[in-house]
Amino acid sequence: MNQTETAKIVIPRLYCPFPTSVSPYVELVASNTFEFLHKYQLLDSPEEERHFARYKMAWMTCRTMPEAGFELLCCIDNLYSWLFVLDEQLDHVTPSTAYIREENYLQQLIDGFSYVLKYKVSPVDNKFFHALADICVRLDALSRPSWQSQFLISVQATFEAAIWEAKNNKNRERHPTVAQYMHMRLFFSAANIGTDINELATGVWLPMYVLQHPDMVHLTSLARRVVCWANDLFSLRKELEHGDEHNLVMMLKHHHNTTLEEAVLMAASIHDDEIREFVSCRAAFPDFGEELNKRIQIYVDGLETMVAGFFYWSITDTPRYNPY
133 MNQTETAKIV
143 IPRLYCPFPT
153 SVSPYVELVA
163 SNTFEFLHKY
173 QLLDSPEEER
183 HFARYKMAWM
193 TCRTMPEAGF
203 ELLCCIDNLY
213 SWLFVLDEQL
223 DHVTPSTAYI
233 REENYLQQLI
243 DGFSYVLKYK
253 VSPVDNKFFH
263 ALADICVRLD
273 ALSRPSWQSQ
283 FLISVQATFE
293 AAIWEAKNNK
303 NRERHPTVAQ
313 YMHMRLFFSA
323 ANIGTDINEL
333 ATGVWLPMYV
343 LQHPDMVHLT
353 SLARRVVCWA
363 NDLFSLRKEL
373 EHGDEHNLVM
383 MLKHHHNTTL
393 EEAVLMAASI
403 HDDEIREFVS
413 CRAAFPDFGE
423 ELNKRIQIYV
433 DGLETMVAGF
443 FYWSITDTPR
453 YNPY
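Every position in the sequence shown, counted from 1, becomes a number in my numbering once 132 is added.
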């Protein structure tokens, strides 16, 4: 689709009842991340630096965890920015760099990342591995061992899902089912990592019997889902201009044989319905006793803050999408 065609796409106003704010550290966090990216030479040219700066990644981090301390904000923004730069390389390949989308190459990357996550050192001289090792060392100092184990699993899941996405991007004639896409989207988007970070962002840890309670699992899944569906709607124009149809709207269009406009409305309805489901599920959350209930409230507040942070960053802070 060209820009003239995509300009006709109308994204409905999505429902988001949660408040948002930005950490007062945001400018300092942005400066810290630029220093981090320069240290590991993750931006290869002044053009790439300008491209990255325009997207205001630090504002996303500082909206999704506005109450966090400066050290944690820098660490998480370094992580999100590392993921962003890596994703940009995978998304915008040239004939000379097409190999980076090959399954064997991606598997080598995943093996390297897994090694770094486990041992906190790079197995080879690779700037992305060195940068991730730096992040992991700092994260370990800010988190519990059980959280670190979950983080390793989540990063592994994200990159395994990236291989799945790369395979589907290569085979444009065959689309995954809507259910397959909706399941995998939560992982290759790294939304699972976002909800993991909630423990660090809120400073609240919950016992496993609360985290694994079906209602908490459902709330966490809904938080991931609504972030993904909002992003799919906000990024639709940009992705179609680049020929990328790996998006909930396009999955709905293909599998329900609808117009693009109808598919947009379907995706928006899914998003809004799941936001309302989150609110209802929270209101009916089981009683775990006064002390735990207070911690659960802070933790779930954090999930709402994360959802609102991604939402308002997308429509307020960054020119990456310009949905309205």
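Idealized CB from N, CA, C, for every residue including glycine.
Residue j beta carbon less than 9 Å from that of residue i
i           : j           : result
residue 321 : residue 381 : no
residue 147 : residue 202 : no
residue 187 : residue 451 : yes
residue 257 : residue 210 : no
residue 239 : residue 295 : yes
residue 313 : residue 398 : no
residue 169 : residue 260 : no
residue 336 : residue 431 : yes
residue 138 : residue 161 : no
residue 214 : residue 263 : yes
residue 144 : residue 400 : yes
residue 427 : residue 338 : yes
residue 141 : residue 372 : yes
residue 309 : residue 387 : yes
residue 172 : residue 189 : no
residue 279 : residue 328 : yes
residue 283 : residue 342 : no
residue 235 : residue 185 : no
residue 291 : residue 241 : yes
Environment of residue i [buried if 16+ CB atoms lie within 10 Å]
i           : result
residue 385 : buried
residue 285 : exposed
residue 217 : buried
residue 340 : exposed
residue 323 : buried
residue 439 : buried
residue 317 : buried
residue 243 : exposed
residue 287 : buried
residue 441 : buried
residue 412 : exposed
Any non-hydrogen atom of the ligand COA within 8 Å of residue i CB
i           : result
residue 165 : Of the ligands one can find in the structure shown there are none, so the ligand COA has no counterpart to examine.
For the region 332-394, which segments carrying the alpha helix (DSSP H) assignment without a break, of at least 4 residues, lie completely within its bounds, in sequence order? 340-343, 346-366, 368-373, 380-388
Pair every Cβ in the region 329-341 with every Cβ in the region 192-207, then say whether three or more of these pairs are closer than 8 Å. yes
List in chain order: all unbroken alpha helix (DSSP H) runs of 4+ residues lying wholly within the region 244-323. 259-273, 277-302, 310-320
If contact is defined by three or more beta carbon pairs under 8 Å, each pair taking one atom from either stretch, is the region 406-422 in contact with the region 165-172? no
Can we say the region 367-377 touches the region 344-354, given the rule of at least three CB pairs closer than 8 Å? no
Threshold first: 4 residues or longer. Then list the alpha helix (DSSP H) segments lying entirely within the region 165-214, N to C. 178-187, 189-196
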